[in-house]
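In our numbering, each residue carries its 1-based index in the sequence shown increased by 11.
Note that beta-carbon positions come from the ideal geometry of N, C-alpha and C, so glycine has one too.
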Amino acid sequence: MDQFIGEIGALLVGNRSFRGDDPHKGTSKEGEPFGGGWSGPQFVLTHDAPDAPVPGVTFLGDLDSGAAAAKAAAGDKCVNIIGADVARQCLEAGVLDEILVFIAPVMLGDGVRLFHHSSGTNVRLERLSLTHAPRAMNLRLRVIR
């Protein structure tokens with residue numbers, strides 16, 4: 012994870028993730044990307060932006076402008092997508108180049124399915140790397156177009 016964080020230039024975040032799926036909730040790291048391990052521009056997709064500005068966060072109402080703004084802000088680094096639904100939308104729009112999945116030995120009972128396609132569309136992927144950490148596996152895949 013530490014290596015990947017260094018590759019991130021901007022975040023494109025879904026509204027649900029921004030407003031509450033914080034794994035650091037209730038700690039001093041709450042609200043900080045990667046628990047404070049990263050800082051930079053964040054772009055949140057939402058139709059209901061908060062009234063008060065949030066430092067370092069830009070709220071946008073559509074995927075096209077959000078993805079373009081995040082890509083421009085990232086420069087030569089990558090845009091990290093946080094939120095399964097935003098990732099699905101990016102995949103369907105053809106703007107997702109790679110998928111990085113961290114697999115931890117924990118069974119979750121609910122949440123948003125990763126890359127749900129109601130039409131059953133197949134997505135071709137090429138494995139770039141598979142690494143093992145003490146408590147997880149990391150799988151990096153390239154989207155084949």
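How would you label residue i, buried or exposed, when you count the other beta carbons within 10 angstroms and need 16 or more for buried?
i	result
N91	buried
F5	In the structure as shown, the chain starts at 12 and stops at 156, and residue 5 therefore has no counterpart that could be examined.
A78	buried
L23	buried
A63	exposed
R156	exposed
Q100	buried
A85	buried
G94	buried
With DSSP as the reference, identify every bridge partner of residue i, one or two as the case may be.
i	result
R151	L111 and S140
Spatial neighbours of residue i within its chain, please: CB distance less than 7 Å, with the 5 preceding and 5 following residues excluded, ordered by chain position.
i	result
C89	E18, I19 and G20
L152	E109, I110, L136, E137, R138 and L139
In chain order, what residues of the same chain have a beta carbon less than 8 Å from the beta carbon of residue i, not counting five sequence neighbours either side?
i	result
T69	P52, Q53, F54, V55 and A80
G67	S50, G51, P52 and Q53
Using a Cβ-Cβ cut-off of 6 Å (strictly less than) and excluding sequence neighbours within five positions of residue i, which residues of its own chain qualify?
i	result
F29	V55
A60	F70
List in chain order: all unbroken beta strand (DSSP E) runs of 3+ residues lying wholly within the region 59-135.
Counting only runs of 3 or more, we get 68-71, 89-93 and 109-114.
Count the CB pairs spanning the region 111-118 and the region 43-55 that are closer than 8 Å, and state whether there are at least three.
Here the region 111-118 makes no contact with the region 43-55; the two share fewer than three CB pairs at distances below 8 Å.
Ranges of the alpha helix (DSSP H) found wholly within the region 12-66, counting only runs of at least 4
Runs of the alpha helix (DSSP H) lying entirely within the region 12-66, each at least 4 residues long, are 13-16 and 26-29 in chain order.
Contact the region 132-152 vs the region 26-39: 3+ CB pairs below 8 Å:
Segments in contact, no.
Contact between the region 98-107 and the region 73-86 is defined here as three or more beta-carbon pairs at a separation below 8 Å; is this criterion met?
In short, these stretches touch, since the Cβ pair count reaches three.
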